[in-house]
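Colleague:
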Amino acid sequence: MNQNITEKILAYASHNKEVHPGDYIIADVDWVMFHDSTGPLVIKGFESIGKKIFNKNKLVTFFDHFYPAPNIDAAKLHKISRDFIQREEIIHHHTDGVCHQILAEKYVSPGDIVVGADSHTCTQGALGAFTTGLGSTDIAGILATGKCWFKVPNTIKINVLGETKKGVFAKDVILKIASKIGSEGADYSSIEFVGEYIKNATVSDRLTLCNMAVEMGAKNGIIEPDEKTLKFTGREGKIFKSDQNASYEKNIELEVSELSPQISCPHSVDNVKTIEEVEGIPINQAFIGTCTNGRLTDLEITAKILKGKKVNKNVRLIVIPASITVYLEAFNQGILQTILSAGGIVSYPSCGPCIGRHNGVLDEGEVCLSTQNRNFAGRMGSPKSEIYLGSPASVAAASIVGKITDPRKFI
Amino acid sequence: MRVWKFGDNINTDLITPGRYNITIDEKRLGQIAFIEFRPEFSLNIEKGDIIVAGKNFGCGSSREHAPISLKAAGVQAVFAESFARIFYRNCINIGLHVFICNNTHKVDDGDKIQVDLINGIILDETKNIEIQGDPLPTFIQKIVSSGGLIDFLRGDGYV
Ligand code: SF4
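Residue numbers (our numbering), protein chains in the order written: chain A, 21 to 431; chain B, 88 to 246.
1. Are the stretch 322-340 of chain A and the stretch 295-305 of chain A in contact at 8 Å, needing three or more beta carbon pairs?
2. Which same chain residues, not among the five before or five after Val346/A, have their C-beta less than 8 Å away from its C-beta?
3. Can Asp138/A be considered in contact with the ligand SF4, in the sense that its beta carbon sits closer than 7 Å to one or more heavy atoms?
4. Along the chain, where does the beta strand (DSSP E) containing His140/A start, and where does it finish?
5. Could you say if the stretch 215-232 of chain A and the stretch 134-149 of chain A meet the contact criterion of at least three C-beta pairs nearer than 8 Å?
6. Look at the Cβ atom of Asn98/B, then the Cβ atom of Phe396/A, and state whether they are nearer than 8 Å.
7. With distance defined between alpha-carbon atoms, name the residue in Ile308/A, Lys196/A, Lys423/A nearest to Gly372/A.
8. Are the beta-carbon atoms belonging to Ala137/A and Gly161/A less than 8 Å from one another?
9. Taking 7 Å as the line, does the beta carbon of Val80/A fall inside it for any heavy atom of the ligand SF4?
10. How about Thr151/A and Thr141/A: do their beta carbons lie closer than 8 Å?
11. Tell me whether the stretch 167-175 of chain B and the stretch 124-135 of chain B touch, counting them as touching only if at least three CB pairs, one residue from each stretch, are closer than 8 Å.
12. Within the chosen definition, does the stretch 212-221 of chain A reach the stretch 111-118 of chain B through at least 3 CB pairs nearer than 8 Å?
13. Please indicate yes or no: does the CB of Thr310/A lie closer than 7 Å to some heavy atom of the ligand SF4?
14. How would you write the range of the alpha helix (DSSP H) that Lys3/A sits in, first residue to last?
15. Starting from His114/A and walking both ways along the alpha helix (DSSP H), at which residues does that stretch end?
16. So His113/A and Ile105/A are supposed to be a Cβ contact under 8 Å. How far apart are they, rounded?
17. Using a C-beta to C-beta distance shorter than 7 Å, which residues of chain B count as neighbours of Ala164/A?
18. Can you pull the chain A residues whose beta carbon is under 8 Å from the beta carbon of Arg176/B, in chain order?
19. How would you write the range of the beta strand (DSSP E) that Ala167/B sits in, first residue to last?
20. At what residues does the alpha helix (DSSP H) containing Thr294/A begin and finish?
21. State the beta-bridge partners of Ile155/B as determined by DSSP.
22. Taking a Cβ distance cut-off of 8 Å, strictly less, list which residues of the stretch 100-112 of chain B are near chain A, in chain order.
23. For Asp207/A, would you say it is in contact with chain B, using Cβ-to-Cβ distances shorter than 8 Å as the test?
24. So, helix, strand or coil for Tyr368/A, using DSSP?
25. In the DSSP assignment, find the unbroken alpha helix (DSSP H) run with Lys229/B in it and report its ends.
26. The beta strand (DSSP E) that contains Phe82/A, what's its start and end?
27. Can you tell me whether Asn24/A is buried or exposed, with buried defined as 16 or more other CB within 10 angstroms of its CB?
28. Name the chain A residues whose beta carbon is nearer than 7 Å to that of Leu236/B?
29. On the CB-based measure, 16 or more other CB atoms within 10 Å of its CB, does Lys76/A come out buried or exposed?
30. Just reading off the beta strand (DSSP E) that Val223/A is part of, what are its end residues?
31. Would the C-beta of Arg89/B count as close to the ligand SF4, meaning under 7 Å from any of its heavy atoms?
32. Please check the pair Ile111/B and Lys64/A, which I expect to be a contact at CB under 8 Å, by giving their CB distance rounded to whole angstroms.
33. Just to check my reading of the structure: Ser57/A and Arg150/B have Cβ atoms closer than 8 Å, yes? What is that Cβ distance to the nearest angstrom?
34. Would you verify that the beta carbon of Phe166/B is, or is not, closer than 8 Å to some beta carbon of chain A?
35. Tell me the start and end of each unbroken alpha helix (DSSP H) in the stretch 142-193 of chain A that is at least 4 residues and wholly inside, in chain order.
36. Show which residues of chain A have a CB atom less than 7 Å away from the CB atom of Ser148/B.
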């Protein structure tokens with residue numbers, strides 16, 4: 021046997037003994053997801069197939085991309101999805117956070133096949149599952165059949181060695197990886213993260229890493245499940261691990277002991293510089309949240325940095341916990357109070373300004389430093405605005421100074 | 088029919104900025120194709136025109152609004168050196184022809200063309216040359232020849 025974890029999951033789900041890169045397979049899926057932005061097109065496609073949902077209990081739906089509705093167009097889209105959800109009696113419907121976070125918290129188990137009408141569905145690969153984003157028509161087809169075709173991907177193995185220093189986080193590691201691989205370097209491939217750093221990483225950090233696999237074009241990002249995974253999910257799942265002699269298309273090694281905080285510059289995620297190179301760039305908005313970095317550990321470090329300080333008068337700091345579970349925990353621990361006292365804005369769990377539809381849209385010439393995963397021109401508002409990406413610590417530090425700043429000065 | 092030429096890494100936000108994806112009306116989506124990145128595109132495109140692009144066309148979001156807007160605007164096919172995975176799949180699923188093609192640099196913006204969709208060939212009348220794209224894998228061809236995934240599943244589908 022020489023299969024890696026992705027191949028093993030795909031073989032299991034397609035009732036094959038083994039699968040190989042390049043094979044076309046048809047797999048049974050465990051979870052199907054759509055949200056308020058992609059849902060209406062899924063529904064339109066699904067209804068034109070004219071079949072029943074293969075299993076209502078396997079569909080999880082979300083209102084998160086523009087919830088509550090910020091305008092009439094958005095309200096109309098919600099109405100389309102809401103009618104469908106009521107008519108079909110869908111039980112797993114959420115309005116309490118970002119889809120990828122809640123799928124990880126409440127649904128996905130190791131070994132699952134998860135497909136979602138959103139590109140960052142690769143996030144839950146951190147739990148040892150095969151999870152990938154698809155378009156609405158694909159999801160419509162899966163709703164009718166419970167099956168999906170896949171081309172078995174090649175796998176790139178990324179061996180992350182060492183331990184990061186104080187002030188350097190999983191986000192810095194993945195930005196460094198993105199700069200090495202490039203925004204199309206893993207097109208059609210699977211990325212498997214292994215090594216000492218990954219073993220020691222929290223599940224929250226692993227979710228941050230896998231979340232950004234798609235930013236390099238990958239089909240899925242994946243990390244072998246271990247005790248931490250099972251403790252996090254509380255669900256047993258099917259445990260697959262890569263064979264020792266599994267074959268990989270490419271092996272990449274990254275030593276992170278000397279890594280400094282990384283910042284991705286406009287307008288491409290792989291345009292990465294070290295914090296030293298970009299220190300001093302003035303910002304108008306600082307955003308901490310999203311499926312990449314809206315978890316409790318992200319808010320903890322934010323509060324630690326903001327404690328007893330004030331957000332710069334030229335900056336609006338927006339903090340959005342990724343789910344209600346995170347929100348309540350942060351509330352109970354006094355984290356939100358610290359952020360609010362410093363002058364930050366805390367919003368209801370959702371995608372927030374990540375795609376420029378509500379809660380912090382940028383005007384021409386404005387600059388935002390964000391913890392999100394993508395910095396395409398115009399994503400958060402005006403096509404003439406600029407988005408820099410960094411860790412929650414880097415964003416929190418910059419919100420105090422009003423400029424991109426080395427967060428290690430505050431830790 | 089003409090070529091609309093684009094470079095590398097044309098992402099879905101350049102095709103249809105996220106803020107405009109607040110409709111599933113195809114006509115409206117057709118009007119917003121490249122609305123900010125190349126505003127003359129949706130005003131001047133004629134039915135049957137093609138897009139020829141560099142690497143990683145369609146990277147970014149899984150939103151089908153992007154390929155739908157191109158199809159609704161009148162784009163007949165996209166030839167690119169490479170495509171982002173989800174976008175490529177979405178095109179096949181909605182019946183927009185896509186071809187991976189190594190010779191896209193031989194074609195220029197505004198070239199007059201004819202297209203052979205079955206074999207993935209651009210006949211460039213301006214330059215008097217033929218450019219060949221890669222044929223689709225057999226499995227995919229079945230879906231495309233059914234007219235997209237919905238029609239494929241309406242028929243025998245995965246059975
Ligand atoms: S938080 Fe941003 S990247 Fe994540 S699902 Fe929402 S819009 Fe997409």
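Beta carbons: idealized from backbone N, C-alpha and C, even for Gly.
Modeller: Per the coordinate set shown:
1. yes
2. Gly117, Gln121, Gly314, Arg315, Leu316, Leu319, Pro369
3. Because some heavy atom of the ligand SF4 lies under 7 Å away, the Cβ of Asp138/A counts as near it: yes.
4. His140/A -> no beta strand (DSSP E), and no H or E assigned at all.
5. yes
6. yes
7. Ile308/A
8. no
9. no
10. Less than 8 Å divides the Cβ of Thr151/A from the Cβ of Thr141/A.
11. no
12. no
13. yes
14. Nothing can be reported for residue 3/A, as the shown portion of chain A is limited to 21 through 431.
15. Here His114/A belongs to no alpha helix (DSSP H); instead the beta strand (DSSP E) covers 112-114.
16. 5 Å
17. Leu240
18. Leu154, Gly155, Asp158
19. For Ala167/B, the enclosing beta strand (DSSP E) has its first and last residue at 164-167.
20. Per DSSP, Thr294/A is not a residue of any alpha helix (DSSP H); the beta strand (DSSP E) it occupies stretches across 292-294.
21. In DSSP, Ile155/B forms no bridge with anything.
22. Asp100, Leu101, Pro104, Gly105, Arg106, Asn108, Ile109, Thr110, Ile111
23. yes
24. coil
25. 225-233
26. 79-82
27. buried
28. Thr157, Asp158, Gly161
29. exposed
30. Segment 223-231 is the alpha helix (DSSP H) holding Val223/A; no beta strand (DSSP E) there.
31. no
32. 6 Å
33. 7 Å
34. Not an interface residue.
35. 156-165
36. Ser139
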